Amino acid sequence: MSAELSNSEIEKIARIIHTCIDEDKPQKIISTLCMLTKLQRKSIVTFKIDKRPALFHACLKGNADIMKYLLKECDPDVEQKGLFKIRTLENDIEAPPLWCATGLDNGLDIIKLLTKHGADLNGPTNSDSTPLISACLLLNFPIVEFLIEHGANISKTSEKGYSCLMAAVASTELCAYLISKGASVNVSSLMDIRLTLRCTLS
Numbered sequence: 001m002s003a004e005l006s007n008s009e010i011e012k013i014a015r016i017i018h019t020c021i022d023e024d025k026p027q028k029i030i031s032t033l034c035m036l037t038k039l040q041r042k043s044i045v046t047f048k049i050d051k052r053p054a055l056f057h058a059c060l061k062g063n064a065d066i067m068k069y070l071l072k073e074c075d076p077d078v079e080q081k082g083l084f085k086i087r088t089l090e091n092d093i094e095a096p097p098l099w100c101a102t103g104l105d106n107g108l109d110i111i112k113l114l115t116k117h118g119a120d121l122n123g124p125t126n127s128d129s130t131p132l133i134s135a136c137l138l139l140n141f142p143i144v145e146f147l148i149e150h151g152a153n154i155s156k157t158s159e160k161g162y163s164c165l166m167a168a169v170a171s172t173e174l175c176a177y178l179i180s181k182g183a184s185v186n187v188s189s190l191m192d193i194r195l196t197l198r199c200t201l202s
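When we follow full-length UniProt numbering, the leftmost residue of the sequence shown carries the number 1, and every step to the right adds one.
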């Protein structure tokens with residue numbers, strides 16, 4: 001199919017793709033998109049359904065197989081943000097897929113997949129939270145280690161001055177690791193928070 005798709009056609013197919021992601025039906029995604037050009041597929045998978053593009057939606061579901069297909073065959077924007085809801089927060093978060101992957105059981109594998117396709121390790125949310133800050137908050141040591149060893153910026157803070165060291169304060173081991181990698185021990189935030197850590201490094 002070489003003709004340009006209308007907006008209504010794009011939305012219709014995008015909804016089918018999202019439903020297939022929800023129902024874990026990768027073969028139906030393939031059969032739905034296989035007759036389209038790569039440009040047409042890209043227009044579909046970057047169309048947001050409920051404020052979420054397809055790659056982001058597949059990432060939220062932790063579906064690496066569908067993500068692999070989308071990345072290989074549909075040329076999605078790996079930095080395209082989607083809606084991430086946290087019940088305890090008043091405002092919703094707009095985040096890139098890699099940031100969302102820090103909270104997944106198979107998050108490290110998905111992060112490796114996304115970085116292989118050029119995803120930014122420091123890609124921020126709309127409030128400037130980074131994947132490293134998120135991984136530190138979740139105390140996910142393997143992801144923190146991977147991000148830092150592959151060049152994540154340990155000094156970046158959120159728009160309110162929240163740092164990765166602040167996020168990791170519940171784990172002495174993680175704080176010690178961050179400090180060994182250059183994290184500043186004293187960090188002031190716009191909320192007038194000062195963090196002073198005394199970690200004994202062996």
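Glycine residues also receive a C-beta, built at the ideal position from the N, C-alpha and C atoms. Note that this is a predicted model, so its numbers are computed, not measured.
Counting only runs of 4 or more residues that sit fully inside the segment 132 to 197, the alpha helix (DSSP H) segments are 141 to 149, 164 to 167 and 172 to 180, in chain order. Minimum Cα-Cα distance from Pro53 among the listed residues Asp75, Gly82, Leu33 and Gln40 corresponds to Gly82.
Secondary structure note for Glu94: its beta strand (DSSP E) is the uninterrupted segment Ile93 to Ala95. Here Phe56 carries a helix assignment [DSSP, helix/strand/coil]. For Gly82, the uninterrupted beta strand (DSSP E) run begins and ends at Gly82 to Phe84, by DSSP. In its chain, beyond the 5 residues on either side, Asp92 have a beta carbon closer than 7 Å to the beta carbon of Lys85. For the pair Ala183 and Ala176, the Cα-to-Cα distance works out to about 9 Å. Considering only Ile21, Lys38 and Val45, the residue with the shortest C-alpha distance to Asn63 is Ile21.
In the DSSP assignment, Ile49 is bridged to Arg52. In the structure shown, Glu11 falls within a helical segment according to DSSP collapsed to helix, strand and coil. For Gly118, there is no enclosing alpha helix (DSSP H), as DSSP marks it with neither H nor E. Nearest to Phe47 by C-alpha distance, out of Lys12, Ser31 and Lys25, is Lys12. For Lys42, the secondary structure class from DSSP, reduced to helix, strand or coil, is helix.
Exclusion of the five residues before and after Asp109 leaves Ala64 as the residues of its chain whose Cβ lies within less than 7 Å of its Cβ. With a 10 Å radius around the Cβ and a threshold of 16 neighbouring Cβ atoms, Ala3 comes out exposed. Less than 8 Å divides the Cβ of Ile29 from the Cβ of Tyr69. A direct Cα-Cα distance of roughly 11 Å separates Ile17 from Arg41.
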